[in-house]
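Encoded as structure tokens, the structure appears first; notes follow it.
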């Protein structure tokens, strides 16, 4: 059973990688810069409960990083939106995710 789960996860990540590459191809090679806006509502509430609209079965932290890291364009700006501190856990689980995501995106622009 574990082999099937590992294959499923690998295939899902492979699909996301292909999707992000195709997105950049559709934009064209003449694109001078890429602006990334991450709406944390698209993430699974198991990782980010502090949002207004929960998306069961949404993306994981690893999946969103994979998409961002596969974008080959010059990152000119980024933001993370739809964080709702009133719905976050007492430990600030979503806030930590948002901070880490923002830090990783800022490193991509350096």
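In our numbering, the protein residues as written are -14 to 95.
A virtual CB, placed ideally from N, CA and C, is assigned to each residue, including glycine.
Work out the CA separation of residue j and residue i for me, nearest whole Å.
i: residue 47; j: residue 73; result: 20 Å
i: residue 17; j: residue 29; result: 32 Å
i: residue 75; j: residue 39; result: 17 Å
i: residue 7; j: residue 81; result: 30 Å
i: residue 59; j: residue 71; result: 35 Å
i: residue 23; j: residue 67; result: 9 Å
Residues in the same chain with beta-carbon distance under 6 Å from residue i, minus the five sequence neighbours each way, listed in chain order, please.
i: residue 37; result: 69
i: residue 87; result: 65
i: residue 44; result: 27, 28
i: residue 93; result: 60
Check the C-beta distance from residue i over to residue j and give it rounded, since I have them as a contact under 8 Å.
i: residue 25; j: residue 61; result: Actually they are not in contact, since the Cβ atoms of residue 25 and residue 61 sit about 21 Å apart, beyond 8 Å.
i: residue 90; j: residue 49; result: Contact doesn't hold; Cβ gap of about 10 Å is too wide.
Tell me which residues share the same chain as residue i and place their Cβ nearer than 7 Å to its Cβ, disregarding the 5 neighbours each side in the sequence.
i: residue 20; result: 61, 62, 63
i: residue 42; result: 29
What residues in its chain sit with their C-beta under 8 Å from that of residue i, if we drop five residues either side in the sequence?
i: residue 78; result: 32, 33, 34, 35
Assign residue i to buried or exposed, taking buried as 16 or more other Cβ atoms, counted over all protein chains shown, within 10 Å of its Cβ.
i: residue 85; result: exposed
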